[in-house]
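If you use full-length UniProt numbering, the sequence shown corresponds to residues 1 to 437, in order.
A short write-up of the structure that comes next.
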Amino acid sequence: DFKTMIEDETLPVQYMRGEPLCMMQYFRALSSCRVPGQKTDSLVFHAKNSNPRHITVAQNSQFFTVEVYHSDGTPVTADQLCVQLERICNSSLETNTEHVGILTTLHRDTWYKYYNKLVQDPSNKKSVSAIERSICVLCLDKAMPRTYEKYSRFEPVQVLHGGGTQWNSANRWFDKSLQKPQMMESPVALLPMPQKLHFNITPDIKTAIEESKQNVDKHAQDLDLRVLVFNHFGKQIPKAHQISPDAFIQMAIQLAYYRIHQQCCASYEAASMRLFRKGRLGVILSTSSASAAFVKSFDDPKNLSKEIRGRTTFGHFLGLKVQAIENNIPMPDIYTDTSLNKAFNFLLSTITNDYILTSVIHKVAFKAACLGSAVPEKLNSYDFCYSVTSDNFTFVVSAWKSCKENNVVRLIQTLEDTLVDMKMLLEETKLEPGGST
Numbered sequence: 001d002f003k004t005m006i007e008d009e010t011l012p013v014q015y016m017r018g019e020p021l022c023m024m025q026y027f028r029a030l031s032s033c034r035v036p037g038q039k040t041d042s043l044v045f046h047a048k049n050s051n052p053r054h055i056t057v058a059q060n061s062q063f064f065t066v067e068v069y070h071s072d073g074t075p076v077t078a079d080q081l082c083v084q085l086e087r088i089c090n091s092s093l094e095t096n097t098e099h100v101g102i103l104t105t106l107h108r109d110t111w112y113k114y115y116n117k118l119v120q121d122p123s124n125k126k127s128v129s130a131i132e133r134s135i136c137v138l139c140l141d142k143a144m145p146r147t148y149e150k151y152s153r154f155e156p157v158q159v160l161h162g163g164g165t166q167w168n169s170a171n172r173w174f175d176k177s178l179q180k181p182q183m184m185e186s187p188v189a190l191l192p193m194p195q196k197l198h199f200n201i202t203p204d205i206k207t208a209i210e211e212s213k214q215n216v217d218k219h220a221q222d223l224d225l226r227v228l229v230f231n232h233f234g235k236q237i238p239k240a241h242q243i244s245p246d247a248f249i250q251m252a253i254q255l256a257y258y259r260i261h262q263q264c265c266a267s268y269e270a271a272s273m274r275l276f277r278k279g280r281l282g283v284i285l286s287t288s289s290a291s292a293a294f295v296k297s298f299d300d301p302k303n304l305s306k307e308i309r310g311r312t313t314f315g316h317f318l319g320l321k322v323q324a325i326e327n328n329i330p331m332p333d334i335y336t337d338t339s340l341n342k343a344f345n346f347l348l349s350t351i352t353n354d355y356i357l358t359s360v361i362h363k364v365a366f367k368a369a370c371l372g373s374a375v376p377e378k379l380n381s382y383d384f385c386y387s388v389t390s391d392n393f394t395f396v397v398s399a400w401k402s403c404k405e406n407n408v409v410r411l412i413q414t415l416e417d418t419l420v421d422m423k424m425l426l427e428e429t430k431l432e433p434g435g436s437t
């Protein structure tokens, strides 16, 4: 199985365009945990040191450990695991327990303070250690109400933050990886009982728990997260016109933003760095002078006939400049002329401090799509996580409601229209024989 291949270092190497990718992150995925520190957090990996054989199960804001390997080293079956989960559900009915897991939502400096207080008690230290060393945490959540508001889905919210303390936000240990299992009926088997983890709560930690509840509810209510499943077409349309589907979407996002706010903004896209050893994520700035010119010209009747079709002088001058640089050709005097600089300098002059963060997920089911960077880092920004298939595009878009300039619903509606408009543009400018337009 997956865990065995990680332990034996036999996990097949993944490739991207024929180049091998670093697999280091897989070997750190299980039995790992983020531990709060005074100035910086630390990532602790227990897989090789102690090789844990248990998982943590969160149910009704309580934590249990479950052994998932027999004494002979063989893993428990799915049916046996289901029995254990049923036992946990039956033994976690009490509702007067303190929501210790909610402390992991605190600001990291504050969590570090209460973390140290919490583990001073030997019983608490043992419980925290069991969670940190466990292979993973399974969260058995209460069913959240379905919403029928346009572009709204409960699944991304449930995975991201649990929906607030009235639902499942306290049923988490946010320093660990989180998963949700599929439950099924199974026969009773002779298995060791799951062990409930106990915590002794002091008055100041109880106060911190209550403050954490208020804080997480505030952020959960402030986050506006919506989903667009765009079924009009998929990646085959831009590919048929020899355009990268990702570039097509990036431009659609920038154009949709411009149509709403009448200004350009910096747009960043997450890029995998796994071609390098221990590579994680890099950032691509997808906003450029060319993209700014595109979005400004798209809806301008004066420019539509030439600039949108690539017949503006800016692209011609830029192409000659790049060609001269690449071939070490002396730069013509016109490029140092102030009139040329004034003519083209406007392109980036209206880019604001607002920005968009984007990430693309390939071949991933929609319910997991929100596991990208689905929370805007700053108040005045949007976050896009999108999936690309042959038949459709799926977008998970979020922003903070407390920023009055943000409007996720309007942005999604505009994005939907923009994608259709850009498809029409491609159809109007099909390549003619010989490659001309």
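Note that beta-carbon positions come from the ideal geometry of N, C-alpha and C, so glycine has one too.
- Residue environment for Ser134: buried (at least 16 other C-beta atoms within 10 angstroms of its C-beta).
- By DSSP's assignment, Ala58 forms a beta bridge with Phe63, Cys139.
- Look at the segment 70-108 and you find these whole runs of alpha helix (DSSP H), each 4 residues long or longer: 78-91.
- Shown here, Lys176 sits in coil according to DSSP, grouped into three states, outside any helix or strand.
- Annotation for Arg226: the continuous beta strand (DSSP E) segment containing it runs 223-230.
- Per DSSP, reduced to three states, the secondary structure at Thr394 is strand.
- For Glu9, the three-state secondary structure derived from DSSP is coil.
- When the Cα atoms are used, Ser127 and Ala208 turn out to be separated by approximately 18 Å.
- In this structure, Tyr26 is the residue among Tyr26, Gly37, Pro36 with its C-alpha nearest to the C-alpha of Lys48.
- The straight-line gap separating the alpha-carbon atoms of His54 and Gln38 is approximately 29 Å.
- With contact defined as three or more Cβ pairs closer than 8 Å, the segment 390-399 and the segment 222-231 are in contact.
- DSSP, reduced to helix, strand and coil, places Ser244 outside both helices and strands of the structure shown, so it counts as coil.
- Secondary structure at Leu43: strand, using DSSP grouped into helix, strand and coil.
- In this structure Val66 is in contact with Pro194, their Cβ atoms being roughly 5 Å apart against a cut-off of 8 Å.
- Three or more beta-carbon pairs separated by less than 8 Å are not found between the segment 20-35 and the segment 64-83, which leaves the two stretches without contact.
- Separation of the CB atoms of Glu98 and Phe174 is rounded to 16 Å, and the pair is thereby denied contact status at 8 Å.
- Counting along the chain, Asp421 sits inside the alpha helix (DSSP H) bounded by residues 408-428.
- Taking a contact to require three or more Cβ pairs closer than 8 Å, the segment 404-420 and the segment 253-267 qualify as touching.
- Closest in C-alpha terms to Ile284, from the list Ser297, Ala270, Gly162, comes Ala270.
- Under the three-state reduction of DSSP, Gln195 is assigned to strand.
- Linking Lys117 to Ile205 through their CA atoms gives a straight-line distance of about 8 Å.
- In this structure, Leu85 places its C-beta atom within 8 Å of the C-beta atom of Val57.
- A Cβ-Cβ distance of about 6 Å is found for the pair Leu275 and Leu21, placing them in contact under the 8 Å criterion.
- In the three-state scheme derived from DSSP, where H, G and I count as helix and E and B as strand, Pro332 is classed as coil.
- In this chain, the beta strand (DSSP E) harbouring Arg34 covers 32-35.
- Out of Tyr335, Ala130, Ala293, Leu225, the CA that lies nearest to the CA of Met251 is found in Ala293.
- Counting of Cβ neighbours within 10 angstroms places Arg172 among the buried residues, the total reaching 16 or more.
- Nearest C-alpha to Lys3 among Asn51, His241, Asp41, Val13: Asn51.
- DSSP places Ser381 within a strand segment (E or B) once states are collapsed to three.
- Just so you know, the alpha carbons of Asp141 and Asn168 end up roughly 6 Å apart.
- According to DSSP, residue pairing for Trp400 in a beta bridge involves Leu223.
- Between the alpha carbons of Met422 and Gln59 lies a distance of about 47 Å.
- DSSP, reduced to helix, strand and coil, places Pro20 within a strand of the structure shown.
- About 19 Å separates the Cβ atoms of Ile237 and Phe384, ruling out a contact at the 8 Å cut-off.
- Looking at the DSSP output, Tyr258 sits in no beta bridge, so it has no partner there.
- When DSSP states are grouped into helix, strand and coil, Ala266 belongs to the strand group.
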